[in-house]
Structure formats: structure tokens, C-alpha cells
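Protein chains in written order, with this note's numbering: chain A, 22 to 564; chain B, 123 to 366.
Yeah, the Cβ is synthetic: ideal placement off N, Cα and C, and Gly gets one too.
Since this is a predicted model, take the numbers as computed values, not measurements.
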Amino acid sequence: MKTKDMAIDYTKKKFLVIDDFMDMRSMIKHMVESYGATKVDTAANGKGAIELLANNTYDIMLCDYNLGDGMDGQQVLEEAKHKNLLKFSTAVIMITAENTREMVMGAVEYQPDDYLSKPFNKHMLRDRLEKVIAKKSDFEKIERAIEKQKYAEAIVLCEQRILEKPKNLSEFMRLAADLHMKMGRYDEAAAIYSSVLATRDISWAQLGLGKTQFHKNSFMEARELFENIISENETYMEAYDWLAKTMVKLGDLTEAENVIKSAVEKSPKAILRQMALGDIALKKKDFSVAEKAFKKAVTLGRHSVHKNPANYTNQAKALAFNSGGKEAVKVIAKLRKEFPDDKDASLHAAMAENVVYKEMGKDDAAEKAFSEAQDLYNEIGDKASSDISVEMAQVFYANGEKDKGSEIIKKIVQNQHEDEDALRDIQDVFNSIGMEDEGKDIIATSKDDVIKLNNEGVQLGKQGKLDDAIDLFEKALEELEGNKVINLNLTRVLLSSMEQNGKVDSQLYKARQCMLRVEKIDPLNNSIPGLRDRYEKIMQKAS
Amino acid sequence: MTTPDKKVENLAANGAGDNADFIAILASAIHDMKNSLGFVLNSLDEFIDEANEAQSPERLVRVQYEAKRVNNNLVRLLALYKMQCLGVSANVDEHDVGDFLEECMLQDKPITDAKGIKVGIDCFEGLMGYFDDDLMMGVLGNAVTNAIRYTQNELIITAEEIDGYLKISVNDDGTGFPESMLSSGESESSGAGHGVSFSSGNTGLGLYFSSLVAALHKNKGRTGYIDFSNGNALSGGCFSIYLP
Numbered sequence: 022m023k024t025k026d027m028a029i030d031y032t033k034k035k036f037l038v039i040d041d042f043m044d045m046r047s048m049i050k051h052m053v054e055s056y057g058a059t060k061v062d063t064a065a066n067g068k069g070a071i072e073l074l075a076n077n078t079y080d081i082m083l084c085d086y087n088l089g090d091g092m093d094g095q096q097v098l099e100e101a102k103h104k105n106l107l108k109f110s111t112a113v114i115m116i117t118a119e120n121t122r123e124m125v126m127g128a129v130e131y132q133p134d135d136y137l138s139k140p141f142n143k144h145m146l147r148d149r150l151e152k153v154i155a156k157k158s159d160f161e162k163i164e165r166a167i168e169k170q171k172y173a174e175a176i177v178l179c180e181q182r183i184l185e186k187p188k189n190l191s192e193f194m195r196l197a198a199d200l201h202m203k204m205g206r207y208d209e210a211a212a213i214y215s216s217v218l219a220t221r222d223i224s225w226a227q228l229g230l231g232k233t234q235f236h237k238n239s240f241m242e243a244r245e246l247f248e249n250i251i252s253e254n255e256t257y258m259e260a261y262d263w264l265a266k267t268m269v270k271l272g273d274l275t276e277a278e279n280v281i282k283s284a285v286e287k288s289p290k291a292i293l294r295q296m297a298l299g300d301i302a303l304k305k306k307d308f309s310v311a312e313k314a315f316k317k318a319v320t321l322g323r324h325s326v327h328k329n330p331a332n333y334t335n336q337a338k339a340l341a342f343n344s345g346g347k348e349a350v351k352v353i354a355k356l357r358k359e360f361p362d363d364k365d366a367s368l369h370a371a372m373a374e375n376v377v378y379k380e381m382g383k384d385d386a387a388e389k390a391f392s393e394a395q396d397l398y399n400e401i402g403d404k405a406s407s408d409i410s411v412e413m414a415q416v417f418y419a420n421g422e423k424d425k426g427s428e429i430i431k432k433i434v435q436n437q438h439e440d441e442d443a444l445r446d447i448q449d450v451f452n453s454i455g456m457e458d459e460g461k462d463i464i465a466t467s468k469d470d471v472i473k474l475n476n477e478g479v480q481l482g483k484q485g486k487l488d489d490a491i492d493l494f495e496k497a498l499e500e501l502e503g504n505k506v507i508n509l510n511l512t513r514v515l516l517s518s519m520e521q522n523g524k525v526d527s528q529l530y531k532a533r534q535c536m537l538r539v540e541k542i543d544p545l546n547n548s549i550p551g552l553r554d555r556y557e558k559i560m561q562k563a564s
Numbered sequence: 123m124t125t126p127d128k129k130v131e132n133l134a135a136n137g138a139g140d141n142a143d144f145i146a147i148l149a150s151a152i153h154d155m156k157n158s159l160g161f162v163l164n165s166l167d168e169f170i171d172e173a174n175e176a177q178s179p180e181r182l183v184r185v186q187y188e189a190k191r192v193n194n195n196l197v198r199l200l201a202l203y204k205m206q207c208l209g210v211s212a213n214v215d216e217h218d219v220g221d222f223l224e225e226c227m228l229q230d231k232p233i234t235d236a237k238g239i240k241v242g243i244d245c246f247e248g249l250m251g252y253f254d255d256d257l258m259m260g261v262l263g264n265a266v267t268n269a270i271r272y273t274q275n276e277l278i279i280t281a282e283e284i285d286g287y288l289k290i291s292v293n294d295d296g297t298g299f300p301e302s303m304l305s306s307g308e309s310e311s312s313g314a315g316h317g318v319s320f321s322s323g324n325t326g327l328g329l330y331f332s333s334l335v336a337a338l339h340k341n342k343g344r345t346g347y348i349d350f351s352n353g354n355a356l357s358g359g360c361f362s363i364y365l366p
């Protein structure tokens, strides 16, 4: 056979084989031993595999997708990645029953390096191993750059390879396009997808092009592309996810629900897809669909890194609105039991209890839950996520404390005043509780306040009054620590000031903190690389 | 591995009525049989490897071949079930044809090795094709297993691009396909129920499956098809699949 038949020294490779059937485990172990492997560990379930992964470093992981009652193979992979238990070079091959591949794909956070369908023999497994190992070393430099989030660098590396016209040219093109997309360079990404589509309708390129349209708010065009993919390839699950998102944007919740429902029928095990269905159904007040979806998400989440309190409370709320209050109370009790000593989860539970008891007409219990929620929210303070804060605001409104609710909303809006998607979601919340006009008002005035403040600072900067600008932005930041624009502008005026007057340690520190905050909120922010350059130059000049 | 019970639960949700239940049970039973057979096959491979060092294990090889045939049938039945009942369609992507054919041949390597059949691939390096690799693996697996039965001592798989179609052929040096199977301008038909009968021992399942898979491959208004001929790359039969 051809050049790729480079010698892999299997005696040096450490294997982990995961399968719930003992016969399968020993069969695969035999196979790899016949290639010369001597270090082969086996695990019968996900829990055993994670324990082994925590205490050993493996070169190759062969994992069956179906592992019986506990975690499935995808969940093992996700947990291993989340806990950082895999080496960068570890080759992961997911073994699937024939043709279940599509069912697994889409709506997953991590992909294995390759899939291998059963049945296979030792020759096929060896061939696949060699291809995966060759591919991993082929992509190593690029993947390392991606891991460090140096996307621009990764794109340059891809482009260099594309010029060499390698055999797997399309893989490099696909990766380059995906990276452009990650950086928000939609036109560059679209150009690559379109060039692939010029010769042939390939689903991944159609999907990519649709995503660029989606991000450019061309929802009608995106819709057409996604529908096209599905009509040609009913099992391309990712197209359903994107079509549903697009229909939500187009305001057609009924169609969005239908799309995601048919996807869920085809791949009932994808937890993120169940959550998406639940969210849409809740918005539509389709409570029995929502209840089922979140219940499924709770069950699927049992062994998953996606285990999440909101799935329990959403299930409970859907139940309560569908006159299943008693059941709802039980679900919340389960949430408390499964997340002991978790303040976020307790807050979720208390807020949901308030809603549920109100729905049941149990005002005393609702009142008690309300005061627990307030205490917890105050304890969590600034660390509260914006999702939790929006929910807390709703609870305040529902309990007649308008001012407190609006105060929270105001802060959320001011912290992300330029994020139209987030603002639209907040407006949706107001619409759903019959406060449409008030919502518009609060959002608009909160937004205006920040814009005015920000413009004032920018103006001062332009006039060269850098110290005044710094003062103003620093003061603004006391209230708006999570606001990206304010953080960026403070960085800018701090850097400008140091470029004129020389390095000041305290200012360097502040600039650094601001940039870190922006990166945390928006890892792909386009302004950061330029600011970092200026920052580095100031550091170097002074030393 | 999926346990049969779970499978039934999932599948039953998709259908309605007793017939759907029966089909779901049938599918999960096939799935279960296939898993057992997979184990039997791999164990046989090992036995034969061990036996090879001592004597020629002809009867074992025969068992191995028959088990492989049963396995192929089960794989195809399941794929057909999915196509018909779950609406699974072709997942077309770009593949290196040479690499893919090599992998296909490895499916049957234990048998061709044991039977001493010489296997060759004739495909120029860098030829790319667009197809569903899982489904095509089933089609070529069927063609190769079939060819192994009729060949004398050689098999050649050829791949080339002809008029915008990727043509993949499995050639043997046996006596060739009977006259009744050779196509006469109707090669684009679905194949099933076309009065075509395989020689003894064949249920027509492989043919039906291959025609369906071919037809699932479409590009710019053109559809794939299959074709039988004699005396091409080798003196015997030649099965070809054309993908647009």
C-alpha cells in the first residue's frame, strides 16, 4: 500500500478500549495486540473510563458509542475534554453501529477524530488508526494555534497548505472557512464556501454559507439554504438546528418548533437539541411539549457535563402551567437534592418555586420562596449571570416589585447595550409578561445613558483630555464592569496616555484587566489583537 | 452496543400500529444477530490465522465465507430498513477514492488471504469522489463477497471518471454473469422487481440494495446507477456502479 503506510510503533502506544460488552473489549484488545500493542487498558463503562483517563495518559482511545445505561461514548468524550484528561495528540475513534453516525453528529460540542462503523476486522481498524494518526500529525500545528485561540495564525497555516494542493484540500478549506466564521469574517468565509459549491452541492459548504447569511441577518437566504440541505439529506442534523434558529429570528415559532421536533425524533439523545426544543416550546406556551423536552434533557443530562439546573426549573414551570403543580414541586425537590451546596442551583430552585406555588395558588409558600430567592440573589451579587438576572427581574415583576425588577434589567442592558440579540431577548421577556411598552422604555433609556456617557468619554479623548477621559471611563466602569465598549475605550485612552507620557505601572495593570474582561465576555473580539500590540510595545519601550 | 429493548422503544415511537411494531422488532433482532455474528467472524479470523501456520483450513474458510455473507445480508437489511422506515438518505461527502477502495478490500481481507485470491486496485492517485462512504462500503462489500464466490484466483477493483460519473467496478476472472443479467439499456432502472434473478443462493437483496444506493446519489440533475458486464479488466464478470 501507499506512502501512508509509515511504520507506527504500536509497542509504544498506550490504548484505552471502552465497551460495555466484555467480548467486544477482549476482541478489540486482541486486535490491537496483533499490531504489537502491549499497553492496553479496558473499561466497561464511562465512569471506569474517566477514572482510568484521570490517572493515565493514553495515545489512542477506542470508545463504543453505546455503553448501556450510564454515559454514552459522546458523554465520555465531552467529560474527558472538559476535565482536560486527553493529551493533545490522543487519537479518539468512536465506534458506532452502522449508520448511527448522523444521529450522533450535530449539536455536540466535541467531535472524535474519526468514527468507525461496526462490523470491522483487525485490518480495517489498523487502517483507520493509521489514517487518524497521520491526519492528526498533518493538522497538529494548525490545531495547536486554534487551541490557543490564535485563529488568524491558524488561517495563515491553512492557506499555506491550500496552496500546496494536498490530497485533502477540502478539509483545509473547510477549516479555514470555519475559522473565518469564528472571527466574524463572514464575507471571507462565504467566499470559500461559495467556491466549493461552484462545482458541487456539498452539505457542509451549504451549511457554512447558510450560517454566514444568518450572521449577516439575511435570514430569508439562510432559511432557503438550510431547507435545501434537509430536502437533499434528511439526516444532516446540524441543518435542522440552524433552520430552527433562523425561524425563531424570522418570528415563526410554530415552524421553528416543527423543525426542531422532527430533528429530535431523529436523534432523541442530543441534549442540546432537547433544550432548544424546550426553549421554543416555552416561548410558544406549548407547555406539554416543553415539559417533555426538558424532562428528556434532565434525564440525558444525568451523566453529562450539560447537567444544568435550568432544565429542572424549566420542566417544573412547564408542568405548573399545565396544571401539574404537584409534579413540579417534586422536580424542584429533585433539583435541590442533586445540586447540594450550589448557590446558583438553589437560586434557580427558589425562583421556580415562587412561580410554581403562585400558579398553584399557594401564596404563603410562594412568598417564602420569593424571600429565599432575594437573599440568594444578593449573596451571589455581581457574579450572577445575565440569564439568572433576567429571571430574577421577572420574579420581582411577578411579585409586584417593579422598581427592583427594572433596576436589574437596567444594569443588564447597560452592561451589554450594543448586543442587539441580548436586548431582543430581554424585550421578549417584557412582551411575555404584558409589559411591552414599559420594556421598550427601560431598554431605550438604559441604552441611551450608556451611549451618552461613552460618547462623552470618546469626545474627551479626541480633544486630548486623556486624564479626564480616563477618570470618566473608570467611574463608568464601577457600575458597568461587564460592558465591553466601556472596557475597550478605557483601554484605548490608557494606552494613548502612556504612549504620550510613558509607562505607568498602575495604568498598565488597569489596561490589562480591561482587556481580560473583554476577552472573557467576547473571546473573539476584533479590537483586542490591535490593543495587545500597543500594550506590548509600551511594555518593551520602557524596559 | 444498543440493547434490543431500547431500540424497539425508539423505533416504535416512529411508527403506528402493529405493523410498525413488527418492523421495529425485526430491525432490532437483525441488529442483535449482527452483533453476535460480528463476534463469530472476528473469532474465526483469529482461528484461521492460527490454523494457517499448521495446515490449510479449508472448511474453516468456508464457514468464514458463509458467516460473512450472512453478515452482509444483515447489514444491508438494516440499511434498507433505515432508508425505508426512518428516511435515512445519502450523506455525500468528498473522499479519496484510492484510500476508500483500500479500506473496502480490507473488509474481506481475511477471506481473500485465506483463499489465496490476489486482490488489486486500479485507480490513479489523487482521484476524488463524492459519495456516502458507509453506504458505498455496503455496496462494494456485497460485490466483492459475490465476486469471491465466482472468481478463480484474482479480483481487481477499478475506479475512473467517465463523462462526469465516478465509475467503480469489481472485476473477477470467473465465468462471468449469465446473459440474463447483462443490462440492455435499462441500467438506470431501480433494479428491483425487474425480472433480474441472481444465480442460485442469492436473494436479490444485494442487487436491490446496490440499485437503491446508486439512485440515492444525485448531482445536478443526474442520478447514479449500476451495471453488469463481462470480460473487462479481467476475463470474468464485472459489476459497476456509476455515481454522478
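beta-carbon residue i near the ligand FAD non-hydrogen atom, thresh 6 Å
i                  : result
Tyr-261 of chain A : Inclusion of the ligand FAD in the displayed structure is not the case, the ligand content being empty and no account of it being possible.
Contact set for residue i: own chain, Cβ-Cβ below 6 Å, skip 5 residues either direction
i                  : result
Ala-314 of chain B : Annotation note: pLDDT 38 at Ala-314 of chain B (below 50); position unreliable, no value reported.
Ile-251 of chain A : Ala-260
Ser-467 of chain A : Lys-431, Val-434 and Gln-435
Val-335 of chain B : Leu-257 and Val-261
Cys-535 of chain A : Asn-508, Leu-511 and Thr-512
Contact set between residue i and chain A, taken where Cβ atoms lie within less than 8 Å
i                  : result
Glu-168 of chain B : His-51
His-153 of chain B : Ala-118
Asp-215 of chain B : Ile-223, Ser-224 and Trp-225
Asn-341 of chain B : Arg-221 and Asp-222
Ser-211 of chain B : Glu-253, Asn-254, Glu-255 and Thr-256
Residue i in three-state terms, based on DSSP
i                  : result
Leu-293 of chain A : helix
Glu-174 of chain A : helix
Glu-216 of chain B : strand
Leu-277 of chain B : strand
Ser-357 of chain B : coil
Leu-83 of chain A  : strand
Thr-117 of chain A : strand
Lys-340 of chain B : strand
Lys-379 of chain A : helix
Asn-142 of chain A : coil
Ser-283 of chain A : helix
Those residues which DSSP pairs with residue i across a bridge
i                  : result
Asp-62 of chain A  : A:Leu-37
Glu-283 of chain B : B:Leu-288
Met-250 of chain B : B:Asp-218
Ile-243 of chain B : B:Ile-279
Leu-365 of chain B : B:Leu-288
Asn-547 of chain A : Answer is none; Asn-547 of chain A lacks a bridge partner.
Test: residue i CB closer than 7 Å to a CB of chain C
i                  : result
Gly-160 of chain B : The chain inventory of the structure shown lacks chain C, comprising the protein chains A and B.
Same chain, Cβ closer than 7 Å to residue i, five either side skipped, listed in chain order
i                  : result
Gly-67 of chain A  : Leu-88, Gly-91, Met-92, Gln-96, Val-97 and His-324
Gln-295 of chain A : Val-285, Ala-314, Lys-317, Ala-318 and Leu-321
Phe-451 of chain A : Glu-457, Glu-459 and Gly-460
Ala-373 of chain A : Thr-334, Ala-337, Lys-338 and Ile-353
Cross-chain neighbours of residue i in chain B, by beta carbon under 8 Å
i                  : result
Asn-142 of chain A : Leu-163, Asn-164, Asp-167, Leu-228, Gln-229, Lys-231 and Pro-232
Asp-148 of chain A : Glu-224, Glu-225 and Leu-228
Met-413 of chain A : Within chain B, no residue comes near Met-413 of chain A; the closest Cβ sits about 38 Å away, beyond 8 Å.
Met-48 of chain A  : Phe-161, Asn-164 and Ser-165
Cut-off 8 Å between Cβ atoms - residues of its own chain near residue i, not counting five sequence neighbours on either side
i                  : result
Val-479 of chain A : Ala-490 and Asn-510
Contact list for residue i against chain B, beta-carbon separation under 7 Å
i                  : result
Ser-138 of chain A : Asp-256
Asp-44 of chain A  : Phe-161
Met-145 of chain A : Glu-225, Leu-228 and Gln-229
Amino acids of chain A, ordered along the chain, whose beta-carbon sits closer than 9 Å to that of residue i
i                  : result
Asn-195 of chain B : Those do not exist, as Asn-195 of chain B stays about 12 Å from chain A at its closest Cβ, beyond 9 Å.
May I ask you to list, following chain order, the residues of the stretch 250-283 of chain A that have a beta carbon less than 9 Å from some beta carbon of chain B?
From the stretch 250-283 of chain A, only Glu-253, Asn-254, Glu-255, Thr-256 and Tyr-257 have a Cβ closer than 9 Å to chain B.
Taking beta-carbon pairs under 8 Å, can you tell me which members of the stretch 208-230 of chain A lie near chain B?
Arg-221, Asp-222, Ile-223, Ser-224 and Trp-225
Selection of the stretch 217-232 of chain B by Cβ proximity to chain A, strictly under 8 Å:
Asp-218, Gly-220, Asp-221, Glu-224, Glu-225, Leu-228, Gln-229, Lys-231 and Pro-232
Residues in the stretch 248-267 of chain B with C-beta within 7 Å of chain A's C-beta atoms, listed in sequence order?
Gly-248, Tyr-252 and Asp-256
Which residues, in order along the stretch 187-210 of chain A, keep a beta-carbon less than 8 Å from a beta-carbon of chain B?
Lys-188, Asn-189 and Ser-191
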